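The opening position of the sequence shown corresponds to residue 160 in the numbering used here, with each subsequent residue numbered one higher. Using N, Cα and C, we set each Cβ at its ideal position, and we do this for glycine too. Since the model is a prediction, treat every value here as computed from it, not as a measurement. Shown next, in structure tokens, is the structure this report addresses.
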Amino acid sequence: MPREFKNYIDGKWCDALNGKRFENRNPANWEEVLGTFPDSTAEDIDAAVQSAATAYEAWRLTPAPKRGDIIKRAGDLLVKYKEEITREMTREMGKVLLETRGDVQEGIDTAFYAATEGRRLFGHTAPSELPDKFNMSIRQPLGVAGIISPWNFPLAIPTWKIFPALVCGNTVVFKPAEDTPATAARFVEILLEAGLPENVVQLVNGYGPSAGMPLVEHPNVKLISFTGSTQVGKLISATASRDLKRVSLELGGKNAQIVMPDADLELALEGVLWGAFGTAGQRCTATSRLILHEAIHDQFLALLIKRAEKLRLGNGLEPTSDVGPVINQKQLDRILSYIQIGKSEGARLETGGERYTEGACKNGFFIRPTIFSNVAPEMRLAREEIFGPVLAVIKIKSFDEAIRVHNNTKYGLSSSLYSRDVNAAFRAMRAGVWTFSNGLIPARPPARSRDHVSNTEMRLF
Ligand code: NAD
160 MPREFKNYID GKWCDALNGK RFENRNPANW EEVLGTFPDS TAEDIDAAVQ
210 SAATAYEAWR LTPAPKRGDI IKRAGDLLVK YKEEITREMT REMGKVLLET
260 RGDVQEGIDT AFYAATEGRR LFGHTAPSEL PDKFNMSIRQ PLGVAGIISP
310 WNFPLAIPTW KIFPALVCGN TVVFKPAEDT PATAARFVEI LLEAGLPENV
360 VQLVNGYGPS AGMPLVEHPN VKLISFTGST QVGKLISATA SRDLKRVSLE
410 LGGKNAQIVM PDADLELALE GVLWGAFGTA GQRCTATSRL ILHEAIHDQF
460 LALLIKRAEK LRLGNGLEPT SDVGPVINQK QLDRILSYIQ IGKSEGARLE
510 TGGERYTEGA CKNGFFIRPT IFSNVAPEMR LAREEIFGPV LAVIKIKSFD
560 EAIRVHNNTK YGLSSSLYSR DVNAAFRAMR AGVWTFSNGL IPARPPARSR
610 DHVSNTEMRL F
């Protein structure tokens, strides 16, 4: 019998008021039901917001360092339960243990960072031009923060939003992704075990339009923090702006890696391999376009295909798996449809391009790592976010052309350049490209550092 998960509203674990539930299944084995979850609607959101608004009155007056102490304890508990959460997250959303461990680690790091912010909520003073006047600004919380998160980083992303909101004195209503509700429930349990007063956080499960949108529309929610698709982000921004709410959005990407002839090709190969196929390509910062200089194009592509074909697909819980499944049937269909689009646009399918159903993968949503070459920058394959293990390779003749192709997208999330030319590196950064060059430039991490992947981190090589 699958576990019946609950909402957490007004200090109690409870069902949705309409009594409805939805199922969550393991993407590596569709036959495994992980649990059922409340299919909440506007009335549950309303109850949660009312309770969070009441709790706000005491929480905002709790000294910020004390709020930080609770977050520090939550970080300690994440350390304690790291392996348990890691394994459950892999069962819930598929990525391999190395990556889910990194996801939890990001939550831990965020806790320890946010905790100390409790002692650093400084204000400003400025001299006034008038006599007997003090000019000063202090930091004040806003009230109830609505948090809406995606499934691909089920712990890290909620912690990026919830810990800062709490340390600043806001209360929280959390609507997690419908594909990862179990990780969200575990996170709320940990916050409560850490000593967060009940009602300061509320958990409401459900689908985007029926549970997420009522949170965005609720008049007592003062701030919305959303991570997810650009399409939904636009809708949320437009809706929240009607009431002049504060809105924070982290949306999609169509990220490129540029490799120039003078690059360390082994480093560049590692970068693109894990950038494109880590988390089965389901990262906002995934490498989706590879921009290759013609001088190394054929050689690099051949090496890349060889490495991609060696990646082992399988259940993320198995230590032998390099790449797990994609999240659900809808995403599987969407990725396969983009593969068809690529073929019909005239790109050359070099490897992959199909569902993988060998052995234990027969009941999972696995797609073979897919590489298209001969891609033109104007093709949909090169312009639209696919969010799957599909890489579009574009050949260029010069650095300037690389930058032009790189910037020929409506997205602007992350990117990288592999080169040893420091001048090219700085020109690329000015043009919006992060840079890799041995020992030289602070850079976005190559995706090989898979146990700690973030879109905001920098490392030295
Ligand atoms: P999604 O937009 O479908 O869903 C994200 C969240 O929004 C879920 O909780 C969902 O229930 C909710 N939602 C959906 N429709 C809604 C609506 N009409 N009103 C209110 N809420 C609604 O995205 P996803 O498929 O879960 O995640 C993948 C997307 O997220 C990709 O585009 C990816 O690039 C992006 N993403 C961005 C970042 C970043 O930091 N920039 C990080 C991770 C994922």
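Straight through space, the alpha carbons of I526 and L476 are spaced by roughly 17 Å. Within 7 Å of the C-beta of M372 there is at least one heavy atom belonging to ligand 1. Across the set D338, T339, P317, A341, the C-alpha of P317 shows the shortest separation from the C-alpha of V331.
Here V380 has V208, G302, V303, A304, G305, V332, L374, K404 as same chain residues with Cβ atoms under 8 Å from its own Cβ, once five neighbours each way along the sequence are excluded.
In terms of side-chain proximity, the C-beta atom of N311 is found nearer than 7 Å to a non-hydrogen atom of ligand 1. For the region 204-251, the full-length alpha helix (DSSP H) segments reaching 4 residues or more read 223-239 along the chain. Remark: the shortest separation between the CB of T446 and any heavy atom of ligand 1 does not fall under 7 Å. Cβ-Cβ distances below 6 Å link K413 to S447, E544, T568, Y570 in the same chain, with the five nearest sequence neighbours on each side left out; the list follows chain order. Within the same chain, F164, L362 come within 7 Å of A344 by CB-CB distance, once the 5 residues on both sides are set aside. Distance from the CA atom of F322 to the CA atom of G328, rounded to whole angstroms, is 10 Å. Per DSSP, the continuous beta strand (DSSP E) segment holding R184 begins and ends at 180-185. Shown here for I562: same chain residues with a beta carbon closer than 6 Å to its own, the five before and five after excluded, namely A590 in chain order. Excluding five sequence positions before and after E337, the CB atoms of its chain that fall closer than 6 Å to its own CB belong to Y366, given in chain order. Residue range 581-589 is occupied by the alpha helix (DSSP H) that includes R586. Selection R219, A175, S480, G430 evaluated against E202 yields A175 as nearest (Cα-Cα). Non-local C-beta neighbours of R539 in its own chain, meaning closer than 7 Å and more than five positions away in sequence, comprise I500, E504, ordered along the chain. Residue pairing by DSSP places W189 in no beta bridge whatsoever. R442 is not bridged by DSSP to any residue. Excluding its 5 nearest sequence neighbours in each direction, A435 has C-beta neighbours in its own chain below 6 Å: T446, L550, listed in chain order. Taking 8 Å as the cut-off, the beta carbon of A212 is found no closer than this to the beta carbon of V359.
Distance from A467 to T510 at the Cβ level is roughly 6 Å; contact confirmed, criterion being Cβ atoms closer than 8 Å. For A415, the beta-bridge partners assigned by DSSP are R448, S574.
Along the region 299-377, the alpha helix (DSSP H) occurs as fully enclosed runs of 4 or more residues at 315-326, 340-352, 372-376, listed in sequence order. Taking non-hydrogen atoms of ligand 1 into account, the C-beta of S384 is found less than 7 Å away from none of them. For R514, DSSP records a beta bridge to I526.
Shown here, S396 sits in a helix according to DSSP, grouped into three states. Between L314 and Y272, the alpha-carbon positions lie close to 16 Å from each other. Ranked by Cα distance from V238, the options E409, I349, D580, G512 are led by I349. In this structure, G253 places its C-beta atom within 8 Å of the C-beta atom of G483. Within the DSSP secondary-structure output, K171 pairs in a beta bridge with I168. Distance from the C-beta of P335 to the nearest heavy atom of ligand 1 is below 7 Å.
In this structure, the C-beta of Y497 stays at least 7 Å away from each heavy atom of ligand 1. Under the three-state reduction of DSSP, E509 is assigned to strand.
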